[in-house]
Structures are given as C-alpha cells and as structure tokens.
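Report on one structure; see the data block that follows.
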Amino acid sequence: MNNTSISKAPSVTRRHFLKTATATGATVAAAAAVGVDRVFAAGSDVLRVGLIGCGARGVGAAMNCVLSSPGVEIVALGDVFADRVEEARKRLLDDTQDKEWSCSVPWRHSKSVKVTPDTCFSGFDAYKKVIASGVDMVILAGPPHFRPEHLRAAVDAGKHVFMEKPVAVDPVGIRSIIASSETARQKRLGIVAGTQRRHQNSYTELMKRIRDGAIGEILAGEAYWNGGCVRHYGCYHPRQPGWSDMEYMLRNWYFFVWLSGDHIVEQHVHNLDVVNWAIGSPPV
Numbered sequence: 040m041n042n043t044s045i046s047k048a049p050s051v052t053r054r055h056f057l058k059t060a061t062a063t064g065a066t067v068a069a070a071a072a073v074g075v076d077r078v079f080a081a082g083s084d085v086l087r088v089g090l091i092g093c094g095a096r097g098v099g100a101a102m103n104c105v106l107s108s109p110g111v112e113i114v115a116l117g118d119v120f121a122d123r124v125e126e127a128r129k130r131l132l133d134d135t136q137d138k139e140w141s142c143s144v145p146w147r148h149s150k151s152v153k154v155t156p157d158t159c160f161s162g163f164d165a166y167k168k169v170i171a172s173g174v175d176m177v178i179l180a181g182p183p184h185f186r187p188e189h190l191r192a193a194v195d196a197g198k199h200v201f202m203e204k205p206v207a208v209d210p211v212g213i214r215s216i217i218a219s220s221e222t223a224r225q226k227r228l229g230i231v232a233g234t235q236r237r238h239q240n241s242y243t244e245l246m247k248r249i250r251d252g253a254i255g256e257i258l259a260g261e262a263y264w265n266g267g268c269v270r271h272y273g274c275y276h277p278r279q280p281g282w283s284d285m286e287y288m289l290r291n292w293y294f295f296v297w298l299s300g301d302h303i304v305e306q307h308v309h310n311l312d313v314v315n316w317a318i319g320s321p322p323v
C-alpha cells in the first residue's frame, strides 16, 4: 500500500537507471547510472560508496554495487553495533567466499574495499558519519524504521542513494520519503529503491507483453508469497546476557512491527509492487 503511493515519484529515475544499466538488481542499476553522471562530472573514475546497515542484506548490496561496474569502491561502513561493522568489513575483505551474503557470484573483489578504521562507524549516529566521510553515494540497508531519517540526511548532504525496501513503515515515514524525493529531484540526485523486480529481465519482458495486449485488459489481480519460517533464514538472534530491550529488538528488527513494518510491508512488498506494475495503478 505505502509502496505504491510513492511509485510515481521516482519513475523518471527508474527509467533513467534502466536505460543506463543492462544488469538486473537495484544496486547494480544504482551504481551504473549514478556513476556515469557523478563520477565523470567530477573528473574521477572512482565512485565512492558508503554502506549504512551492515547486516547480510547490506553486505550483499555492497557486493552487488562493486560488481556493477569498474571503478566502484566501498569506502565507509556504519551500523548501530560495532561488531556488525567489523563482521561486514571482514566479509568484504574475504576473497574466499562463494555465493555468500546475497552475492550471486563468487566474491573476489576485496581490492575494491577501501574501508579503514577511520571510516568504520558505530552507534545511532553512524549514518551521519558515513554520509560525511566523503562518499558520492550511500546504500541504506538498516532497519526500515530508520530509512526516512537516513534518506533525508543523505539527500540534504547531496548524496545519491540506493535504499532497500521497504522505504518506510508508516504514513509519517512515507510523507518524509516523498519530501526527500522531491528535494533529490531538485538537486538532480538519483534515488533507487530495492524493488528489484523492476530491474529483472524476466519481469520487464513480461510487463512489455502485458502492455502489448498479450493477455488483454487486466481487471484485477492477487499476489501470494509462500515461504518457510523466517527464523530459519538467520534473521533471529537469541537474547544474550547484557542486552537491553532495545538491543534485542534492533538485532531482531525483522520480528518487530515498529522496526520492519511487518511481513506484508517488509517482504510481500515485492509482489504488491508487481501487481501494481501490471495493473498500472495502486489498488482501490
């Protein structure tokens, strides 16, 4: 529901990214499209990227970004928890991984990771420090509750953004996202959200056929997502001695509605996006 309410705002950016990048995946599109305009305009062949949110999806997105085109470097890491930052740094510097951490190919690109101790940040203000570290673009992959605040800070600082879905968990957050998107448009900044079906060849071809009338007029649609227990996906972390209630919730954000938005918002958003895309409008 909230995802479709903002689908019109970034449409021009999506079309630009799709035209510029041939690979699938929102992170790939973001790196390729943003890199052309920003990097060459600055007279540099390097796109400096900072990662905010150092969980599995964040590390995977950073890998995807590096793999998107030559000249992309990960230069800063930030997370609420220092151990997550350190684990992400080790993963990104480990060239022995085969198809791990959401990276679809073996990872052999540690040379593109230019993170130093001075560009590893932890705490609730880590996102501010990553943004201020001299990056051209940031990847926002922390808990969705914080996405609007992180996006606003990045846009205000003049940074291009890839942000994971969902972009917000409530109407207040959505209104903030819309406002930041308008500011980004005025500043000629690129924003891409992680609704990756928009960049997946099989889906784009399907939508082309639908638009060409292959199945006639679509009057209604339903979407389903059947999966196993999310506790089996490595999302759940048993409470440890010394953890506060806040730390327990943040480390298990997927299971708390105020942080994730719930399963429909956090996961099923992909399928809702496909239905809205096929029909050509949000539900009524």
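Numbering of the sequence shown is given in my numbering, commencing with residue 40 and proceeding in unit increments. Even for Gly, the Cβ is constructed at its ideal location relative to N, Cα and C. As the structure is a computational prediction, the values presented were derived from the model and not from experiment.
Only counting the same chain, and skipping five residues up and downstream in sequence, which positions put a Cβ closer than 6 Å to that of residue i?
| i | result |
| --- | --- |
| residue 223 | 194, 230 |
| residue 319 | none |
| residue 300 | 183, 205, 208 |
| residue 136 | 146 |
| residue 244 | none |
If you draw a straight line from the C-alpha of residue i to the C-alpha of residue j, how long is it?
| i | j | result |
| --- | --- | --- |
| residue 246 | residue 238 | 11 Å |
| residue 263 | residue 302 | 12 Å |
| residue 346 | residue 159 | Residue 346 is absent from the model: the chain starts at 40 and stops at 323. |
| residue 266 | residue 307 | 11 Å |
| residue 252 | residue 204 | 30 Å |
| residue 106 | residue 126 | 20 Å |
| residue 200 | residue 309 | 19 Å |
| residue 63 | residue 236 | Here residue 63 scores only 36 on pLDDT, less than 50, and its place in the model should not be relied on; the value that follows carries that caveat. Taking the straight line joining both Cα atoms gives about 8 Å. |
| residue 124 | residue 101 | 13 Å |
| residue 176 | residue 89 | 6 Å |
| residue 242 | residue 276 | 34 Å |
| residue 121 | residue 254 | 52 Å |
| residue 214 | residue 192 | 15 Å |
| residue 221 | residue 149 | 36 Å |
| residue 218 | residue 228 | 13 Å |
| residue 283 | residue 250 | 52 Å |
| residue 295 | residue 108 | 36 Å |
| residue 212 | residue 164 | 19 Å |
Compare the Cα-Cα distances from residue i to each of the options and report the closest residue.
| i | options | result |
| --- | --- | --- |
| residue 260 | 215, 278, 267, 311 | 311 |
| residue 118 | 212, 97, 155 | 97 |
| residue 208 | 181, 160, 130 | 181 |
| residue 248 | 100, 228, 317, 95 | 317 |
| residue 157 | 130, 145, 116, 147 | 116 |
| residue 234 | 211, 305, 258, 225 | 305 |
| residue 324 | 103, 94, 212, 242 | Outside the displayed span of the chain (40 to 323) sits residue 324, for which this structure offers no information. |
| residue 257 | 313, 162, 136 | 313 |
| residue 162 | 285, 85, 250 | 285 |
| residue 210 | 280, 297, 221 | 297 |
Using a Cβ-Cβ cut-off of 8 Å (strictly less than) and excluding sequence neighbours within five positions of residue i, which residues of its own chain qualify?
| i | result |
| --- | --- |
| residue 185 | 166 |
| residue 226 | 194, 197 |
How close, in whole Å, do the beta carbons of residue i and residue j come, if the pair is a contact with beta carbons under 8 Å?
| i | j | result |
| --- | --- | --- |
| residue 202 | residue 232 | 6 Å |
| residue 293 | residue 268 | The Cβ separation is near 12 Å, so there is no contact. |
| residue 131 | residue 152 | 4 Å |
| residue 111 | residue 104 | 6 Å |
| residue 169 | residue 128 | Not confirmed; about 13 Å, so no contact. |
Tell me which same chain residues have a C-beta within less than 7 Å of the C-beta of residue i, skipping the five on either side of it?
| i | result |
| --- | --- |
| residue 173 | 87 |
| residue 216 | 45, 187, 190, 206, 207 |
| residue 278 | 287 |
| residue 147 | 134 |
| residue 281 | none |
Any heavy atom of the ligand GDP closer than 7 Å to the Cβ of residue i?
| i | result |
| --- | --- |
| residue 300 | The model on display carries no ligand, and the ligand GDP is accordingly not part of it. |
Which ranges would you report for the beta strand (DSSP E) in the segment 216-286 if only whole runs of at least 3 residues count?
-> 230-232
Which runs of the beta strand (DSSP E) fall wholly inside the segment 77-116 and span at least 3 residues, in chain order?
-> 86-91
At which residue ranges does the segment 123-189 contain complete beta strand (DSSP E) runs of 3 or more residues, listed in the order of the chain?
-> 159-161, 176-179
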